[in-house]
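To keep things clear, I will list the structure first and then write my remarks on it.
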Amino acid sequence: MGRPSLPDYAAATGHSTPLLLPLQRGGSGENAYCDTLKSQVSVPLDFLKTRFSIPALFSIALLPLILGIPVLSLGADGLAQAARPFQVGERLTYDISFLNISAGTAVMEVKAGESAGDRVMGTFVTTAVSSPMVTRFFPVDNRVESLTDLTALLPEHMTFRRREGKKKEDIEYTFHRKDGTVTAVRGGTTETVPIPVGTQDLISCLYYVRSQLPFKQGASLGLNVYHDKKVRQIEVRVEDIDTLEGPWGRLETAQVLVIMPFQGIFLNQGNIRVWFTTDARRIPLRMKAKVVIGSIVADLIEGIPEVAKLQ
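Numbering (the working numbering), first residue to last: 150 to 460.
Structure follows, in structure tokens:
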């Protein structure tokens, strides 16, 4: 059965911007919206109300937060500079959309960090901000920063400033590599827990995957990530090598499947797909996750790689 069209949403709510109504949870607009969906798709009404909301739109903008680190640790020499597909100064901007309607913007940056001895430090910064229209109903302004050793690609300190609607939360992780522990500060409480060698934080992991995952069909990595008081495991797998069209033109990409066997940043369990360019920069062009109705998509709109485009 096909999904309801946008005119159907508007007819149900009497609004010219139907996407915004269901995202204001608990309102009459949400009820009318869910009633319409219930009549056209086989999804329980209560499920729609509890599982479909704005945070899901912006969780894909923070895709690095649900990726982990390969169980295999780095060698003593770490990664060679030439092996890194990213450099300090990289800035990638994504449009976050649902049902082809823009809902916000995400930015991923690599900034310089203070050097520590012979180690080259960098700061990975990811932000997600709602569009002006969505902000009227549910403002989102999230920022994650990860101070990382760029030679070994191991994070040392991470902060997550989370602002979603009325929810305000600040999370901080400090990694103690010699002790094999991480100290987490969240919600006014502090705890230190053991972690495996090579465990990463919620954002540096994506850059490791860009550097280490072989872009060959069938290649995979087992991943660890410290998230929400636990070290969790996921799998990253290359499904296909194909061309992808978008604002960047037509580029060859590796379609990577992220398998999540736990309830993480997204509101429910499920898989996410990422399309990376197969050139030396390995840029994530598109990130996509299915939700109850349709899919949430983050497409690169600025920072498009300057590589030869396919004709």
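Quick reminder that beta carbons are idealized off the backbone N, C-alpha and C, glycines included.
Query	Result
For residue 273 and residue 257, the rounded distance between their alpha carbons	7 Å
Residue 467, DSSP secondary structure in three states	With the chain covering only 150 through 460, there is no way to say anything about residue 467.
Limits of the beta strand (DSSP E) - the one that residue 236 falls within	First-last for residue 236: undefined, no H or E at that position.
Neighbourhood of residue 233 by C-beta, 6 Å cutoff - its chain only, sequence neighbours within 5 removed	360
Which of helix, strand or coil DSSP assigns to residue 337	coil
Boundaries of the beta strand (DSSP E) in which residue 372 is found, first to last residue	369-376
Reduced DSSP secondary structure (H/G/I, E/B, other) of residue 433	strand
Collapsed DSSP secondary structure at residue 281 in the structure displayed	helix
Three-way DSSP call (helix, strand, coil) for residue 400 in this model	strand
Alpha-carbon spacing of residue 392 relative to residue 323, whole angstroms	40 Å
Expected contact under 8 Å - CB spacing of residue 261 and residue 271 to nearest Å	6 Å
For residue 326, the three-state DSSP class (helix, strand or coil)	coil
Cβ-based neighbour list, residue 463, same chain, cut-off 8 Å, excluding 5 preceding and 5 following	With the chain covering only 150 through 460, there is no way to say anything about residue 463.
Length of the line joining the Cα atoms of residue 313 and residue 275	15 Å
Any 3 or more C-beta pairs closer than 8 Å across the segment 295-311 and the segment 324-336	yes
Assigned secondary structure, residue 448 (DSSP; H/G/I helix, E/B strand, else coil)	strand
Cutoff 8 Å; reference residue 486; Cβ partners in own chain excluding five residues on either side	With the chain running from 150 to 460 in the structure shown, residue 486 is simply not present.
For residue 353, three-class secondary structure by DSSP	helix
Beta-carbon proximity list for residue 341, same chain, < 6 Å, skipping 5 on both sides	330 and 332
Own chain residues within Cβ distance below 8 Å of residue 363, not counting five before or after	387
Residue 297, buried or exposed, once every other Cβ within 10 Å from all chains shown has been counted against 16	buried
Distance between residue 268 and residue 426 (C-alpha atoms, nearest Å)	28 Å
Simplified DSSP state of residue 231, which is helix, strand or coil	Because the pLDDT at residue 231 is just 43, under 50, the model does not fix this residue reliably, and the value given afterwards should be weighed accordingly. Looking at residue 231 - three-state DSSP - the assignment turns out to be helix.
Residue 365 versus 343, 428, 284 and 449, residue with shortest Cα-Cα distance	428
Between the CA atoms of residue 266 and residue 439 - distance to the nearest angstrom	45 Å
Residue 253 classed as buried or exposed, judged by whether at least 16 other C-beta atoms fall within 10 angstroms	buried
Reference residue 335; option with closest CA among 328, 317 and 343	317
Distance between residue 442 and residue 250 (C-alpha atoms, nearest Å)	14 Å
Distance between residue 351 and residue 292 (C-alpha atoms, nearest Å)	12 Å
Close Cβ partners of residue 339 (< 8 Å) along its chain, the five nearest in sequence each way excluded	332 and 333
Proximity to residue 384 [Cα-Cα], best of 285, 398, 420 and 244	420
Pairwise C-alpha distance: residue 288 and residue 280	8 Å
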